[in-house]
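A.B. asks: Residue numbers (the working numbering): 7 to 124.
Input: one structure, supplied below.
What follows is the structure, encoded as structure tokens:
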């Protein structure tokens with residue numbers, strides 16, 4: 007009987023190298039949970055960081071899995087997180103990118119970055 011289990015993804019440590027080169031001062035935190043790397047970045051580099059993660063041969067994140075928000079309400083000074091889940095088909099890597107956004111603040115759109123590979 008053939009296995010129906012999907013292949014295990016690999017932590018995207020090369021993506022961290024890309025981000026350290028492109029926007030080193032914007033990295034606010036790094037964690038690894040459940041085999042996935044999560045990087046928290048300043049929202050001011052959202053377009054620059056996501057473009058580099060898509061275009062750099064070391065990361066090649068060519069699929070936006072989803073975009074969601076977290077409302078920390080009264081639990082944190084910066085109330086919201088914009089969370090991107092990215093996947094590299096070629097590398098079989100997943101990455102969570104988190105952008106803290108304060109109440110009443112905005113973050114640049116990432117639509118055009120995702121459209122570039124559609």
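Each residue gets a CB set at the ideal place from its N, CA and C atoms; glycine is no exception.
Exposed or buried, what is residue 30 when buried is set at 16 or more other beta-carbons lying within 10 Å of its beta-carbon?
C.D. replies: Sequence index remark: in the chain shown, residue 30 carries index 24 (1-based). Result: exposed.
A.B. asks: Is residue 108 helix, strand or coil by DSSP?
C.D. replies: To locate residue 108, count along the chain shown from 1; it is residue 102. Residue state, collapsed to three classes: coil.
A.B. asks: For the alpha helix (DSSP H) that contains residue 56, what are its first and last residues?
C.D. replies: Here the question's residue 56 lines up with position 50 in the chain shown. Per DSSP, residue 56 belongs to the alpha helix (DSSP H) from 52-61.
A.B. asks: I believe residue 89 touches residue 76 by the beta-carbon criterion, under 8 Å. Please report the beta-carbon distance rounded to the nearest angstrom.
C.D. replies: Working through the chain shown from its first residue, we reach residue 89 at position 83. Working through the chain shown from its first residue, we reach residue 76 at position 70. That pair is a contact at about 6 Å.
A.B. asks: What's the gap between the Cα of residue 94 and the Cα of residue 84?
C.D. replies: Here residue 94 refers to the residue found at position 88 of the chain shown. Here residue 84 refers to the residue found at position 78 of the chain shown. Their backbone Cα atoms lie some 30 Å apart in a straight line.
A.B. asks: Taking 7 Å as the line, does the beta carbon of residue 44 fall inside it for any heavy atom of the ligand ATP?
C.D. replies: Absent from the structure shown: the ligand ATP. Ligands present: none.
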